[in-house]
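Residue numbers (my numbering): -2 to 1234. Have a look at the structure below, then the notes.
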């Protein structure tokens, strides 16, 4: 439980990390003489180096080549360490090789990228599905950069960073995702496959692969032959076929080189494009290789440019891969050394990502009806599919397995848990046990489970089964193979699962080490597989038993505890055992210790006085004389933890109804096991209480639904507890009201998601825009039209006669609200009031639902407060004469009432998915080693390891990945703490660019990245840019969360501090007053944070020479600190001293103003003191690094560094006080020098 127990492992892993030193080699192009430096690990193969070169912008066009050493072609499997003489000569030659059709088309696709054509492999960087405006960033729209330091104050003053204006929420249009960052021009008009394809047989024998047609900017058309030897212009025209080489041009291995020969505009345009992007970090526009972009919820309507190549599938990589074989082969790679682990994890990451991409793409094809099911004659809900060696099934209870547990709702829930279970077992990484690639895709009300099929699973005959462990045929029998029992024992250890006796349907008993619902299968490839990993944890018995008879029935009976909850519960038990053992050891030591000699009270009093007045050196000597602290040894701790693994175990097979267990003795044992599960359920509720207490104490309050979900999940709290959290936070004061609002919006948005699922699952995808827009009109457009009429396209109804459009057309404002309230009561145990819609923020709810459902809306101002114009007399009469023929025209006018949402506003629906992952333990280990080295004081070593860790992360995950963001952020923090803000800024910018592209422009992570970068920019004396960054974040924050969110207090204070440091004290005063108003509302007028703000305000008033206001603010600060901490607290003492000095100055100034003609030396001295205090105050503005920093930290910083000196200020004269404030006192000089060094 302590760091000591991990020390030997840490030393070993540090050595392993250091052993993975990167070797720099140089790849020299034999034709162009260009040299490309490449960092590699000694275990990297030639194949991996070639792949790396294919992904690099500087060498991406070299798609078909060999690597040579001393004229000899290196085999693809050759590793770097097997190449002799690299230490003396690190050059490896690159020589062109013959193309095949796949490589030539890959080369064509990359050349098109360079020429300025859109990505051929998909839209906005994904091959799986279209996303509009994906991967965008606002960073390059931020102003304030490149402004000289001396001009920054004037810039800020001109821009008027006013708190009231910046607190005004943005409109929906103001939140629109930016258009593409790169607006490069095409270097040719078109470049596509020619209509003369495919080559005739006689030309195929001559090496012809395919033919191209290029139209240049000069207006000329060229036909080009792609051959095994490269590219050349041929003699073909639109009417005549002659693919032989033209005498006017030369043959070239590179298509781009050839195009430059025939069109001078190609080189010119590419040069212009390069010049436009050279100031832009490549991380802002390169495409990810192992991660998906987020889908913005409000986007500009896209414009299109004709491009024939998009229809020709140049980069169609969805070949018939054997996904299972690829995943398992990667898993079986060696992992003994650190470098072997890195290679293995990199390949697993890439393979699983590619699997996920393909599975999403084909699931959409199934939805569109482009893939036939294997069992086409059976009902649609039972349909299964096999496409690209991926098995797809619907998340319906087609076989009745969950008939008594909730039916389709239970099946959908269980399916959604599968990828997380697979990811967890991947993390354990049991040797010899194989998991499947798993992805769950939600799209338009449908849920698919995509998995790699176990080899042989489709070849079993009737009555045959591949299952060797667990329940067979819905518990008709139980298999308990010993080999699987050994493999599953590791999973059981980490999930704290106990061995148990289980019964089959006939009452036969079997012993299992893990849930009977988790199956072990032996494939025909002789590998051992584990399936159904959604049963790693038990059913949350406590939750179901807490349900009252009056409550709405929960949708299913398989709601399980989270793995995090079980782990936290186990840790609490282990910690308690360690603490108990430590107390016992201390008691034993105290019992055996010799009695201490008692000293007379007088002598003890004198010693206390000496200690109080003594020097620091004497205090240190006394510290050394103290008895050593009693702690547990590493061996003792390990013994306790080992015992905890064996003692605190759960039975994941305990049912809700114990009466289904026929054996009485076994039922009694399961009843005891159920008590343990109830204890974990209670621990979850205790975790909720602790979390809410942390919120009240100043911990970070979630920003939106996504952050709320992540916060709860980290603590093991399921989303079904949202209702409990809402009840605990409703009407509990302004601070918890913010939490309540986030929870309320999450309950409503999740409830509406289930309502939408029930509607859309019964409709063809073509009806989705009409149904969704109508639902949104009922939900958010009711003020404009409280009786919106659904639009039904007659053409669609004629094409889909069996579709019942009434599932959405009959939805009304009232019925939708009732349906949402019903879902909230059923799923979250929370009763929405009759007028719950008045409690929500329409913009926040609009965003939350859109993100959860993958909706992308057209950029426009959705005015949720717009109301319909009063009906005219003619309209009223038309409504009253519906049946008359003459009234038909009027009825049409009345029916065309305005609608807030139209089906045309919905531009795209993006699939929402969960997928199995494989986290790189090697990269995590490298990062942790760097942190530990820095924590232990080895700064240089730690930085070196962290820099190495960055290369390892990029190697394992790619440049654009959430895990890479983590290491960039860590490096920024470290360099900022080392007082190197210029370096911290560079890493923070990279982190922001990646974060914003992956999680969204308005995500909590993206906004916090802006705030962090602002802190670093301010430290780097770039305050103008810092203010632009932080106010950008604040505007998003105010729009999507709340202007009164407690996390915004630190942001507001930081803005005030930045403005104050620019000597714009009047503007700073506005921000501090704004912060004081919000802080007082949230925390109350006597909270210590309010005291800290009063102190800050006093400083600003002093600088502005408003001495009376300065005195009043300091008086309030002193009063609050005295009430909270007592008169002896250092903050209380300092504010008292400041108050005394301010009163003296205020009185002297008042006297001086009253009788200025009689001004004497004493008044001049007070005036000087006031000026000096003001100068000091203007330097005291402190920027907090973390938004939402603990309020205690903010208040404690008032006197944190000067407490010892401040305690003596009362004894100083005015002149001495001036010396202290101006930093000319000896102690101050010494302190400043130390800080500089």
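All C-beta atoms, glycine included, are put in the ideal place defined by N, C-alpha and C. Predicted, not measured: the structure shown is a model, and the values here were computed from it.
Got a sec? Which residues, its chain only, sit under 7 Å from residue 1270 by beta carbon, not counting five neighbours each side? Only positions -2 to 1234 of the chain appear in the structure, and residue 1270 is not among them; the question remains open.
Starting from the C-beta of residue 838, find all residues in its chain whose C-beta is less than 8 Å away, skip the five residues before and the five after it, and write them out in chain order. 738, 742, 1039
Among 1070, 46, 912, which has the Cα closest to the Cα of residue 420? For the set 1070, 46, 912, the Cα lying nearest the Cα of residue 420 is the one of 912.
Span of the alpha helix (DSSP H), counted from its first residue to its last, around residue 753: 731 to 757
Range of the contiguous beta strand (DSSP E) that encloses residue 1237: In the structure as shown, the chain begins at -2 and stops at 1234. Residue 1237 is therefore absent and cannot be evaluated.
At which residue ranges does the segment 518 to 590 contain complete beta strand (DSSP E) runs of 3 or more residues, listed in the order of the chain? 525 to 528
To the nearest angstrom, how far is the alpha carbon of residue 778 from that of residue 1012? 40 Å
Go ahead and label residue 229 buried or exposed: buried means 16 or more other beta carbons lie within 10 angstroms of its beta carbon, across all protein chains shown. buried
Looking at the secondary structure, which residues open and close the alpha helix (DSSP H) in which residue 824 lies? Residues 810 to 825.
Ignore the nearest five residues each way along the sequence and tell me which others in residue 789's own chain have a CB closer than 8 Å to its CB. 767, 802, 806
Taking the alpha-carbon positions, what's the residue 1046 to residue 695 distance? 11 Å
Considering only residues of the segment 159 to 207, which uninterrupted alpha helix (DSSP H) runs meet the minimum length of 4 residues and lie entirely inside it, listed in chain order? 160 to 163, 198 to 201
DSSP beta-bridge partners of residue 912: 436
Per DSSP, cross-strand counterpart(s) of residue 25: 32, 90
Bridge partners - residue 391, DSSP secondary structure assignment: 445
Contacts around residue 1080, its chain only, beta-carbon distance under 6 Å, and the 5 residues preceding and following it disregarded: 1086
Using 7 Å as the threshold, is the C-beta distance between residue 223 and residue 101 below it? yes
Where the beta strand (DSSP E) through residue 477 begins and ends: 474 to 477
Alpha carbon of residue 161 to alpha carbon of residue 1051, nearest angstrom: 16 Å
Per DSSP, the bridge partner or partners of residue 853: 905
Identify whether residue 1084 lies in helix, strand or coil by the three-state DSSP scheme. coil
When the Cβ atoms of the segment 470 to 486 are set against those of the segment 507 to 525, are three or more pairs found closer than 8 Å? Because the criterion of three Cβ pairs below 8 Å is met, the segment 470 to 486 and the segment 507 to 525 touch.
Mind checking residue 982: buried by the 16 CB within 10 Å criterion, or exposed? buried
Out of 190, 699, 934, state which residue places its alpha-carbon closest to the alpha-carbon of residue 734. 699
In DSSP terms, what residue 384 is bridged to: Within the DSSP bridge table, the entry for residue 384 names 387 as partners.
Which residues in the same chain as residue 414 place their Cβ atom closer than 6 Å to its Cβ, once the five residues preceding and following it in sequence are excluded? 531
Cα separation between residue 284 and residue 243? 37 Å
Proximity winner among 48, 63, 38, 47, relative to residue 77 (alpha-carbon distances): 38
Residue 260, DSSP secondary structure in three states: Assignment of residue 260 by DSSP, reduced to helix, strand and coil, places it in the coil class.
Simplified DSSP assignment, three categories, for residue 698: In the structure shown, residue 698 sits in coil (DSSP, three-state: anything other than H, G, I, E or B).
Judging by CA-CA distance, which residue of 195, 145, 253 is the nearest neighbour of residue 105? 253
So for residue 429, helix, strand or coil by DSSP? Coil at residue 429, not helix or strand.
Can you tell me the Cα-Cα spacing of residue 751 and residue 440, whole angstroms? 12 Å
Inter-stretch contact at 8 Å, needing at least 3 Cβ pairs: the segment 1061 to 1078 / the segment 754 to 771: The answer is no - the segment 754 to 771 does not touch the segment 1061 to 1078, with fewer than three Cβ pairs under 8 Å.
Where does residue 70 sit, in a helix, a strand or coil, going by DSSP? Secondary structure at residue 70: strand, using DSSP grouped into helix, strand and coil.
For the alpha helix (DSSP H) containing residue 508, list its first residue and its last residue. Taken as a continuous stretch (DSSP letters only), residue 508 belongs to no alpha helix (DSSP H), being part of the beta strand (DSSP E) at 506 to 509.
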